[in-house]
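Step one of this worksheet: look at the structure below.
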Amino acid sequence: MTTLDTGRDAAPRASFFNDPVIRGIIYQVVVAALLLGFILWIIGNTAANLAAQNKTTGFDFLWRTAGFDISFSLLPWSRASYYWEAFLVGLLNTLLVAVVGIFFATILGFTIGIARLSTNFIVSSLATVYIEVIRNIPLLLQLFFWYFAVLKAMPAVRNSFELPFDSFINQRGIMIPKPIPDEQFGFVWIGLALAILGVIALRYWARKRLEQTGKRFPVFVTSVAILIGVTSLVFWISGASVDFEVPVLERFNFRGGLQLPPEFVALAFGLTIYTAAFIAETVRGGIQAVSHGQTEAAESLGLKDNDRLRLVIVPQALRVIIPPLTSQYLNLTKNSSLGAAIGYPELVNVFSGTSLNQTGRAIECIAITMLVYLTFSLLTSAIMNWYNARVKLVER
Amino acid sequence: MQKALVSIAVAASLGLGATAAQAAILDDVKAKGYVQCGVTGGVPGFSAPDSNNVWTGIEVDFCRAMAAAIFNDADAVRFTSLTSQERFTALSAGEVDVLSRTTTWTMSRDTQLGISFVGTMFYDGQGFMVRKDDGIESALDLSGAAICIESGTTTELNAADYFAANGMEFNTVVFVDQDEVVKAYEDGRCDVYTTDSSALAAERSKFANPDDHIILPEVISKEPLGPVVRAGDTQWFNIARWTYFALLEAEELGVSSANVDEQLGSDNPAIKRLLGVEGEFGAPLGLDNAWAYQIIKHVGNYAETYERNVGPSTPIGLERGLNALWKDGGIQYSPPIR
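Chains as they are written, first to last, in numbering that gives the first Met the number 0: chain A, 0 to 395; chain B, 0 to 337.
Here's what the structure looks like:
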């Protein structure tokens, strides 16, 4: 018997170029080649131009003496330090203001976001006004405003506001006494670590007990009591003591103590205020995304107000909030580069500002700086993605 | 196929690389019809827009002199305001043809940035300004004082050197933009504002109460300020350099914008050569033989631009000092035009 050839089982062999698979490959190869060619062109063009401009290039300058001063540094810094140290100082200053900014912006943003949903007319209108005003003014202008407004409002050094505990506020910043613990103080740290372990154990136990018996235990109050109690007890028994280095007014400025320059305060404040407005909107959106039915369902289960928020509403809202919140954190970190405009020695000011100019290595300095921001952003993203994966809806 | 594309791309990049080595700057400038001049954002007396929004100042006059030499028109020049951070990149990237922006001539800049300093238009030195009621009399009293500085300047390094050499505590606040530096000093963030003495005088003239501020007697550095061009184009470098020398030579020979037409008939061979009546000095520069005549006619000589912009009769009020001609006790000196 002859088999009937329906022509179905053989693939529809069109001409070579009309085969979708082959076409796909060709497209990808072409795009990849064009991209590669473009990158090579950029590199070649840059190299040729640099050569034509008789410029010295390379990264050797990182090991040369910097010779300039940095006003605010977490690392020891002198004019004999190297350029790579200047890079580190700038990097740490950027990180410091970013971490402080993210911390306070999160707290303020959540507060304002919740306030905006308040049934109290005054509270919700105030929150709305805050968000609309702050979000719609460019950040650079706000930073100038905070910096120069604060400078103008503060008294001169010799007429500083005196605060309790030998602290001072003036145009040069905020000065507070610097604690200098003695050797015995090590025991206090050990005590604190033990107390923290105890609190973790307590929480675990309380949770188990709640699951098994349904009985509640006042975890928060007990935890605070343990932390304070154990630490002070160790402090008292070990005979540790803390000296304070008090800021003292000299001829021009205060010396000693911990000093926060106004550039840092203005930048951290400005970034917090600005980013908090965006975070507030994100939070409001996240909470509103949880349907009212969830609240009613939780109520009908008999959950208390607190538990309803903590166990039902917030976990669902967080799923909506985390991704946009991540990009706000990234924005804040990147926006900290505007600190260069108000004299805060962060990465852009120190490295792609002063260092770039003193060495003339524009491409090298800018490339390193961009790489740093890219790394920061990817790291923040990675951490927030990990957190997002933890809180996201588990589908069964 | 991929290989072919890559080799095309590489060839293209090499080709573009070759065209990137520019043609003569003079030809470009003549083709576009004006000189692009990089200046400050506003240092009175050096480069700042006046009340009619016309750029004036001794450094602006230098650019106008170049335009006059090339185009016989002192207005054939456009100005780009640059921060001290942007200036060298803007120059070497070709955004400006000449940089005339209170720029200090140093060895590292001259040898590493692909730029060439033309000469010293203004001999300056770094000084300190303080508030009068602080009762400071010497820069040696400044240990621990907060100092406002503009980023990316020689000032930043000089001050660090000076404080280290004298064992004083150094405490700076660094801003990218000069306006912010001055504002921060005025608002009391700093006790001291430091930059070139001439710029201190210029900025002080802008304050509400200039008399509340004094400039300390110490001058802690040499700050030879001069115009800069891209390295590698000898013709353009020579035009810039001899424009500067022509300004000096004219003063030395007593030729000014007021009497330049009379002086055309002078019997002095040096004046004849300067004004292009005798000899052939324009062509080697690619310019008209009356190049220096045009400079003096439209801009004047060095003394005229000095007196007009920063001299004792202006709000800046700077004596000639080092900037007097060599025969008057200064160090401004032009090689002979012959």
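Positions of the beta carbon are idealized from the N, C-alpha and C atoms, including for glycine. All figures in this text were calculated on a predicted structure; none of them were measured in a lab.
Glycine 299 of chain B sits close to serine 255 of chain B, with the two beta carbons spaced by under 9 angstroms. Going by DSSP, isoleucine 173 of chain A is part of the beta strand (DSSP E) stretching over 172-175. In summary, no residue of the segment 313-329 of chain B has a CB separated from any CB of chain A by less than 7 angstroms. For valine 34 of chain B, the pairing in a beta bridge is given by DSSP as B:Val76. By the Cβ test, the segment 328-343 of chain A is not in contact with the segment 79-91 of chain A, since fewer than three Cβ pairs between them sit closer than 8 angstroms. The shortest CA-to-CA distance from serine 99 of chain B to any of B:Val172, B:Trp325, B:Glu250 and B:Arg229 is the one to B:Arg229. A distance below 7 angstroms between beta-carbons, with the five flanking residues on each side excluded, links asparagine 322 of chain B to the following residues of its chain, in chain order: Phe121, Tyr122, Tyr305, Gly329 and Gln331. For the pair aspartate 27 of chain B and aspartate 96 of chain B, the CB atoms are nearer than the 9 angstroms cut-off. If you draw a straight line from the Cα of threonine 110 of chain B to the Cα of glutamate 363 of chain A, it is about 18 angstroms long.
Inside the segment 201-268 of chain B, DSSP marks whole alpha helix (DSSP H) runs of 4 or more residues at positions 233-252 and 259-262, from first to last along the chain. Between isoleucine 114 of chain B and leucine 90 of chain B, the C-beta gap is smaller than 9 angstroms, which places the two residues in contact. For serine 91 of chain B, the neighbours in chain A by C-beta distance under 7 angstroms run, in chain order, Gln52 and Lys54. If you draw a straight line from the Cα of glutamine 52 of chain A to the Cα of tryptophan 241 of chain B, it comes to about 23 angstroms. Put simply, the CB of aspartate 18 of chain A is far from chain B, with every gap to its CB atoms at 9 angstroms or more.
In terms of beta-carbon proximity, alanine 361 of chain A lines the interface with chain B, with at least one pair separated by less than 9 angstroms. Cα atoms of leucine 247 of chain B and lysine 205 of chain B: separation of roughly 29 angstroms, rounded to the nearest angstrom. The contact set of arginine 22 of chain A on chain B, defined by CB atoms closer than 7 angstroms, is empty, because the minimum CB distance reaches about 14 angstroms. Within chain B, the C-beta atoms nearer than 8 angstroms to that of leucine 150 of chain A come from Ala183, Asp186, Gly187 and Arg188, in chain order.
Taking C-beta separations shorter than 7 angstroms and ignoring five residues to either side along the sequence, the partners of glutamine 315 of chain A in its chain run Val289 and Gln293, following chain order. When B:Ser150, B:Ile148 and B:Phe236 are compared, the shortest CA-CA separation from proline 226 of chain B is found for B:Phe236. In chain order, Leu274 and Gly275 place their CB closer than 6 angstroms to the CB of tyrosine 292 of chain B, counting only its own chain and leaving out the 5 sequence neighbours on each side. Contact residues of the segment 215-230 of chain B toward chain A are Arg229 and Ala230 (C-beta to C-beta distance below 9 angstroms). For the segment 157-171 of chain B, residues whose beta-carbon sits nearer than 9 angstroms to a beta-carbon of chain A comprise Ala158, Ala159, Asp160, Phe162, Ala163, Glu168, Phe169, Asn170 and Thr171.
Straight through space, the alpha carbons of glutamate 244 of chain A and isoleucine 219 of chain B are spaced by roughly 35 angstroms. With respect to the 9 angstroms criterion, methionine 167 of chain B and leucine 199 of chain B are not classified as neighbours on the basis of their beta carbons. Judged by DSSP in its simplified three-state form, leucine 373 of chain A adopts helix. Within the same chain, and ignoring the five residues on either side of glutamate 318 of chain B in sequence, the residues whose Cβ sits closer than 7 angstroms to its Cβ are Pro311.
Note on geometry: alpha-carbon atoms of histidine 291 of chain A and alanine 297 of chain A lie some 10 angstroms from one another. Legend: CB atoms of the segment 52-84 of chain A lying less than 7 angstroms from CB atoms of chain B belong to residues Gln52, Asn53, Lys54, Thr55, Gly66, Phe67, Asp68, Ser70 and Arg78. In the displayed model, tyrosine 192 of chain B falls within a strand according to three-state DSSP.
Taken through DSSP and simplified to helix, strand or coil, asparagine 53 of chain A comes out as coil.
Taking a contact as a CB-CB distance under 8 angstroms, the pair alanine 279 of chain A and glycine 23 of chain A does not count as one, their CB atoms being some 46 angstroms apart. Distance from glycine 342 of chain A to glutamate 249 of chain A at the Cβ level is roughly 22 angstroms; contact not present, criterion being Cβ atoms closer than 8 angstroms. Counting other Cβ atoms within 10 Å of its Cβ, asparagine 169 of chain A reaches 16 or more and is therefore classed as buried. The beta-carbon of phenylalanine 87 of chain B is placed less than 9 angstroms from the nearest beta-carbon of chain A.
DSSP places alanine 145 of chain B outside any alpha helix (DSSP H); the residue lies instead in the beta strand (DSSP E), whose first and last residues are 145-149.
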